[in-house]
Amino acid sequence: MTGDDDTVLRVRDLCVDIPVPSGTLHAVRNVDLSAFRGRTLAIVGESGCGKTMTALAVMRLLPGRATLRAREIGLLDTDLRSVSDKAFSAIRGNRMAMIFQDPMTSLNPVYTIGDQLEEIYLRHRGSGRREARERAEYLLGRVGIVNPGARLGQFPHQLSGGLRQRAMIAMALMCDPALIVADEPTTALDVTVQAQVLHLLKDLQAEFDMALILITHDLGIVARIADRIAVMYAGRIVETGSSRQIFTAPTHPYTQGLIDCIPYPGKTERRTALGSIPGIVPSLIGDAPGCLFRNRCALAEERCRDGGNLERPVEDGHTYRCIHPVERLRGAAVPS
Amino acid sequence: MGRFFVQRLAVAVLVAITVSVIGFALLRVSGDLAADLAGEDASPAEIAEIAALYGLDRPLHEQYLSWAANALGGDLGQSLFTNEPVMDLILERVGVTILLSLYSLVLALAIAIPLGVLAAIRANTSIDRAALGVAVFGQAIPNFWFGLILIYLFGVLLRWLPISGSSSFAHFILPTVALGTAVMPALMRLTRTGMLEVLEADFIRTARAKGLRPGAVFFKHALRNAILPVVSLSAVSLGFLLGGSVIVETVFALNGIGLLAYESILRSDFPVVQSILVFVSLAYIVLTLASDLINARLDPRIRLG
């Protein structure tokens, strides 16, 4: 078990609300999570489940209309809730950094790679341009870009998607942050490049001793790189545990469904249908008592309609939110 | 970059030729030039004599070709009214017009860009609506009318500024305000639209995620991308100002080519009118070419393809 001293980020009871014409959209509901030095937390869920909103809330990058409530958002020894916007911008990019989904659009087309890397260092370190350039060149090389000196002078459109994402990763590392939040960092990349980028992130995490929060819709890719996994559904974390616990003893019906959806080459029999979860994500607008997964759940019964969303333990460090006891869930056929 | 430039240059030359043909033809179909020159009481024989004198009886394409050949050699003919070479007349006066146009454009940009950025950053607030109000005012009011109001207010009532002539910088202030007000709104709204669009871009979120200060996010990252269409419009606006200052120059008696054009039209001095028409068109073409080149400088995606 990781000690408290290694805690980099601790979030308790995070809620994100977005006003919409027909009411209030609860994008994130009562989310708790912690990220530890040298460890990877994966937040997994379908699009629209609130995982990106959770990340943006931590980074205070939510869209203007969204409002945030939390009992705690602590980065190392700083209570981020009490930090002014101005002071927050000195933390962002410096002590925590973010990597975005689409490297094709996340870099400014009119500035060189070098300029965009150096800029973050100059902002937070106030050092000379030469030192910033040396750091940028070192990191570009470190993320596996050949001939980094020449790449510094190039513009984003002259790099392939994989190279751009590597440059984004180097940019996030410029100020040696304690926490990196990677939002679907490989989704926009070719399959062959995805694995390389993930392994790169894992290597860098060890080398720089950072906490990594990896946000993804693909449970398959987190299996090897995540230490802990939080499964999100409709704005809530429905199950959380170590990677081993989630994969060997998935408890929440939604988690079981997600695992069923992973194709295993060589194991999944040919011509059998891949798993899928029937139904669609419910509307997040307005108050919703009860389990939000019930309209897609094979085990749903009347009392799922109200309450029963309490977090229950499976074992140490492994919790789930469902009214059914673990034994019942284990025996049940997963929805298909 | 070289290839890009050659392509644009070739297009510019083709457009210039087309425009000179159209300009030439328009003046010929606008009425019987010889009859205008001869005056109302002239007999058909006198009209024919004048037509022969100025070559107006020759086929149109011959007239065009000989005029174009001379023009390429720098000879734009002579004014029918003063007998001076048209080239001299234009060169004498073009400085005033260029100065007025540049002042007006600088004034327009100095207001349009900050106001457009502010309106975008504070979109849908009272600041944004106030900026829109200013734009609608500038766009709606005819510039000769605005010029007259300025003359009355600052020249006649307050007596702060001279109202006619072009002998000092002070003489340019009121006409600059009148013309600048006319081209500012489009530039402002284009800046606002461009900024609004760019502020939604992923790379702006990246810039914020890097912890950059708002000034760097808005001006370094957003404005540099939003400004590209504004550069193009500025060049076109300058063309509009060069040609469109006719009325404002007349109102303020500024001795530029606008006033020259106005006087020459009244005197049926067709060699002058025709030359000014082509001159302004060429200025437009050159400016458009310049804007392409500036855009290429600003946007590496164009420059490096």
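If you're matching them up, the sequences are chains A and B in order. So in our numbering, spot 139 of the first sequence is number 139, and the numbers just go up one at a time. So in our numbering, spot 117 of the second sequence is number 1117, and the numbers just go up one at a time. Even glycine gets a Cβ: it sits at the ideal position worked out from N, Cα and C. Remember, predicted model here, so these are calculated numbers, not experimental data.
Residue span of the beta strand (DSSP E) that contains residue i, given as start and end
i: Leu313 of chain A; result: The identity of residue 313 of chain A in the sequence shown is Pro, whereas the question assumes Leu. Note, Pro313 of chain A: beta strand (DSSP E), Glu311 to Glu315.
i: Met1195 of chain B; result: First-last for Met1195 of chain B: Phe1169 to Leu1199, but that is the alpha helix (DSSP H), not the beta strand (DSSP E).
i: Ala230 of chain A; result: Arg228 to Tyr233
i: Asp183 of chain A; result: Leu179 to Asp183
i: Glu46 of chain A; result: Here Glu46 of chain A belongs to no beta strand (DSSP E), and DSSP marks it neither H nor E.
Simplified DSSP assignment, three categories, for residue i
i: Arg69 of chain A; result: strand
i: Leu1259 of chain B; result: helix
i: Val11 of chain A; result: strand
i: Ser1268 of chain B; result: coil
i: Val334 of chain A; result: Interpretation of Val334 of chain A is limited by its pLDDT of 49, a score under 50 that renders its predicted location unreliable; no figure is taken from the coordinates.
i: Ala223 of chain A; result: coil
i: Tyr320 of chain A; result: strand
i: Arg353 of chain A; result: Nothing in the structure corresponds to residue 353 of chain A, since chain A is present only between 1 and 336.
i: Glu1294 of chain B; result: In the sequence as displayed, the identity of residue 1294 of chain B is Ile instead of Glu. DSSP places Ile1294 of chain B in helix when its eight states are reduced to three.
i: Ile1276 of chain B; result: helix
i: Ile262 of chain A; result: coil
i: Ile1306 of chain B; result: Outside the modelled stretch of chain B, which goes from 1001 to 1305, sits residue 1306 of chain B, for which no answer is possible.
i: Ile285 of chain A; result: strand
i: Leu1287 of chain B; result: helix
i: Asp1075 of chain B; result: coil
i: Cys304 of chain A; result: helix
i: Met53 of chain A; result: helix
i: His252 of chain A; result: coil
i: Gly3 of chain A; result: Unreliable placement is indicated for Gly3 of chain A, whose pLDDT of 49 sits below 50; the coordinate value is still reported in the next sentence. It is coil, neither helix nor strand.
i: Asn1215 of chain B; result: Here residue 1215 of chain B turns out to be Gly, not Asn, going by the sequence shown. Note: Gly1215 of chain B maps to helix in three-state DSSP.
i: Gln158 of chain A; result: helix
i: Ala150 of chain A; result: helix
Rounded distance between the beta-carbons of residue j and residue i, thought under 8 Å
i: Ile145 of chain A; j: Leu163 of chain A; result: 6 Å
i: Ser1275 of chain B; j: Leu1100 of chain B; result: So it is not a contact: roughly 19 Å between Cβ atoms.
i: Ile18 of chain A; j: Ala66 of chain A; result: 5 Å
i: Ile285 of chain A; j: Gly23 of chain A; result: 5 Å
i: Met1188 of chain B; j: Ala1112 of chain B; result: 4 Å
i: Leu201 of chain A; j: Ile169 of chain A; result: 7 Å
i: Met104 of chain A; j: Gly153 of chain A; result: Wrong, their Cβ atoms sit about 20 Å apart, outside the cutoff.
i: Leu14 of chain A; j: Ile73 of chain A; result: 7 Å
i: Ala70 of chain A; j: Arg12 of chain A; result: 7 Å
i: Gly338 of chain A; j: Arg29 of chain A; result: It is not possible to answer for residue 338 of chain A, since the shown part of chain A is limited to 1 through 336.
i: Met174 of chain A; j: Ile43 of chain A; result: Not confirmed; about 24 Å, so no contact.
i: Leu1242 of chain B; j: Ala1283 of chain B; result: 5 Å
Distance cut-off 7 Å: residue i Cβ against heavy atoms of the ligand FMN
i: Arg294 of chain A; result: With respect to the ligand FMN, the structure offers nothing, as it holds no ligand at all.
Residue range of the unbroken alpha helix (DSSP H) whose run includes residue i
i: Gly1023 of chain B; result: Gly1002 to Val1029
i: Gly1244 of chain B; result: Arg1224 to Gly1244
i: Ala211 of chain A; result: Ala211 of chain A -> not in any alpha helix (DSSP H); beta strand (DSSP E) instead, spanning Ala211 to Thr216.
i: Leu1158 of chain B; result: Leu1158 of chain B -> no alpha helix (DSSP H), and no H or E assigned at all.
i: Ala1120 of chain B; result: Val1086 to Ile1121
i: Gly1138 of chain B; result: Ser1126 to Ala1140
i: Ser243 of chain A; result: Ser243 to Thr248
i: Asn1083 of chain B; result: Neither: Asn1083 of chain B is in no alpha helix (DSSP H) and is coded neither H nor E.
i: Ser1164 of chain B; result: Taken as a continuous stretch (DSSP letters only), Ser1164 of chain B belongs to no alpha helix (DSSP H), as it is neither H nor E.
i: Ile1050 of chain B; result: Pro1044 to Leu1053
i: Gln205 of chain A; result: Val191 to Phe208
i: Leu163 of chain A; result: Gly161 to Leu173
i: Thr1206 of chain B; result: Asp1202 to Ala1209
i: Gly144 of chain A; result: Premise fails: Gly144 of chain A is in no alpha helix (DSSP H) and is neither H nor E.
i: Tyr1064 of chain B; result: Leu1060 to Leu1072
i: Ala1038 of chain B; result: Leu1033 to Ala1038
i: Ile1149 of chain B; result: Asn1143 to Leu1150
Checklist entry - Listed in chain order, which residues of the region 49–71 of chain A have Cβ atoms closer than 7 Å to some Cβ of chain B? => result Met59 and Leu61
Next on the checklist: If the cut-off is 9 Å on Cβ atoms, which residues from the region 1195–1210 of chain B count as contacting chain A, listed in chain order?
Outcome noted: Ala1201, Asp1202, Phe1203, Ile1204, Arg1205, Thr1206, Ala1207, Arg1208, Ala1209 and Lys1210
Next on the checklist: List, from N- to C-terminal side, the beta strand (DSSP E) runs of 3 residues or more that fit wholly inside the region 63–138 of chain A.
Outcome noted: 67–69, 72–75 and 96–99
Next on the checklist: In chain order, what are the residue ranges of uninterrupted alpha helix (DSSP H) at least 4 long that sit wholly in the region 12–41 of chain A?
Outcome noted: none
Checklist entry - Closer than 9 Å, Cβ to any Cβ of chain B: which residues of the region 110–124 of chain A, in chain order? => result Using a CB distance below 9 Å, the part of the region 110–124 of chain A facing chain B consists of Val110, Tyr111, Thr112, Gln116, Glu119, Ile120, Arg123 and His124, ordered along the chain.
Checklist entry - Which residues, in chain order, does the region 136–150 of chain A contribute to contact with chain B at a C-beta distance below 9 Å? => result none
Next on the checklist: Which residues of the region 156–172 of chain A have a Cβ closer than 9 Å to any Cβ of chain B? Give them in chain order.
Outcome noted: Pro156, His157, Gln158, Met168, Met171 and Ala172
Next on the checklist: Which residues of the region 1213–1230 of chain B have a Cβ closer than 7 Å to any Cβ of chain A? Give them in chain order.
Outcome noted: Flagged, chain order: Arg1213, His1221, Arg1224 and Asn1225.
Checklist entry - Relative to chain B, which residues along the region 205–220 of chain A have a C-beta separation below 8 Å, given in chain order? => result Answer set for the region 205–220 of chain A: empty.
Checklist entry - Which residues, taken in chain order from the region 1284–1301 of chain B, show a beta carbon closer than 9 Å to some beta carbon of chain A? => result Leu1298, Asp1299, Pro1300 and Arg1301
Item to check | Residues within the region 226–251 of chain A neighbouring chain E, beta-carbon criterion of under 9 Å | outcome: In summary, chain E is missing from the structure at hand, where the protein chains are A and B.
Item to check | Members of the region 1083–1097 of chain B near chain A, C-beta cut-off 9 Å | outcome: none
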